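For reference, the structure is listed below as structure tokens.
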């Protein structure tokens, strides 16, 4: 089984170089690396050609977001896609080999969501799985409704059939996961398959923090209206709006900016409704794993607060 490492990057040449160097340590032999360059102006392409001539390059003159990942997949030939970040690398020499072995043992698994070792908190596990785990991990991992962007393996066939990532770097893994799960198969959280995440981009100040808050708000609303039945979408998006607006005021974002973002959320709700691929009612409980929107929001922000506290 050939593995294609799929990476998108923009103006992060130094950290990309650092991370790519680690792939030489992998024990699994049949691996290719494809990098989608999102309009970088820092010499990324030149660096790749000089230091990693074996890496396939798909370069764009502008930033096209996760569509660069789709283009990288098109340029690849592996049966299994290792979707990771430009500031991440496999935690062990056998990471890719272990993922291949897992996917061969469990052919009904369409994607693996691995674990992340976060460099900014002293190389500790993020442990983002939102449910309880057993003392001894099951051989097939734990059921999951999405996968982690920095540490995931996806079968090429299922990625292509689902249509790849949508057009923004926000909720792109969850959105693709919904399309794949609707078509069938299962996603498993496999905590012993790990990547190291360097977090090259830290919190750069209030403007960056506001931007991240706003896109998480807006595109989560779009996600609800694209996939959930109308009444459920209305309920979930109302909760998200109340929660996110409260977070915005808690962080003392300007009132006009918060309200402008809320209005933008309304517009993206209309966009999501026009794109509708509703989850069948009979699959709702299985796909959500009975997880409420309150639980999802609370777990996400608890992890963010915990991470920020540990970096102080």
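In my numbering, the protein residues as written are 76 to 387.
Heads up, the beta-carbon is just placed ideally off N, CA and C, and yes, glycines get one too.
Bear in mind that the values here come from a model prediction, so they are computed numbers and not experimental data.
When rounded, the separation of the alpha-carbon atoms in residue 335 and residue 323 is 12 angstroms.
In the DSSP annotation of this structure, the continuous segment of the beta strand (DSSP E) that includes residue 272 starts and ends at 261 to 272. Between the segment 222 to 238 and the segment 110 to 124 there are fewer than three inter-stretch CB-CB distances shorter than 8 angstroms, so the stretches are not counted as touching. Here residue 369 is exposed: its Cβ has fewer than 16 other Cβ atoms, across all protein chains shown, within 10 Å. Under the 10 Å beta carbon count, residue 126 is surrounded by fewer than 16 other beta carbons and is classified as exposed.
Looking from the CA of residue 79, the closest CA among 89, 183, 313 and 146 belongs to 146. Of the candidates 92, 106, 96 and 103, 92 places its Cα closest to the Cα of residue 118. The C-beta of residue 238 has fewer than 16 other C-beta atoms within 10 Å across all chains shown, which makes the residue exposed. Closest in C-alpha terms to residue 340, from the list 299, 196, 230 and 364, comes 299. Excluding the 5 residues flanking it on each side, residue 302 has same chain C-beta neighbours closer than 7 angstroms at 253, 352, 353 and 354, in chain order. Approximately 15 angstroms separates the beta-carbon atoms of residue 187 and residue 167; this is outside 8 angstroms, ruling out the contact. Taking the Cα positions, residue 345 is about 22 angstroms away from residue 359.
If you compare the alpha carbons of 183, 247, 343 and 219 with that of residue 265, the shortest gap goes to 219. Residue 172 carries a helical assignment under DSSP once its states are collapsed to helix, strand and coil. Contact annotation, residue 320 with residue 305: C-beta distance approximately 22 angstroms; criterion of less than 8 angstroms not satisfied. With 16 or more other Cβ atoms from the protein chains shown falling within 10 Å of its own Cβ, residue 160 counts as buried. The beta carbon of residue 316 sits closer than 8 angstroms to those of 292, 296, 337 and 340, all from its chain and outside the five residues before and after it, given in chain order.
The beta-carbon distance between residue 86 and residue 116, rounded to whole angstroms, is 6 angstroms. This is short enough to meet the 8 angstroms contact definition. For residue 84, the enclosing beta strand (DSSP E) has its first and last residue at 78 to 84. Going by DSSP, residue 281 is part of the alpha helix (DSSP H) stretching over 281 to 302. Nearest in C-alpha terms to residue 181, of all of 328, 144 and 215, is 215. DSSP places residue 90 in no beta strand (DSSP E) but in the uninterrupted alpha helix (DSSP H) bounded by 88 to 95. Residue pairing for residue 230: DSSP places it in a beta bridge opposite 155. Within the same chain, no Cβ atom closer than 8 angstroms to the Cβ of residue 331 is found once the five residues on either side in sequence are excluded.
For residue 249, same chain residues with a beta-carbon under 6 angstroms away, outside a window of 5 residues either side, are 221 in chain order. For the options 234, 241 and 101, the alpha carbon positioned closest to that of residue 294 is the one of 241. When DSSP states are grouped into helix, strand and coil, residue 327 belongs to the coil group. Within the same chain, Cβ atoms closer than 7 angstroms to the Cβ of residue 171 are found at 78, 101, 103, 106, 157 and 165, the five residues on either side in sequence being excluded.
In this structure, 109 is the residue among 109, 135, 140 and 144 with its C-alpha nearest to the C-alpha of residue 129.
A straight line joining the alpha-carbon of residue 95 with that of residue 272 spans about 13 angstroms.
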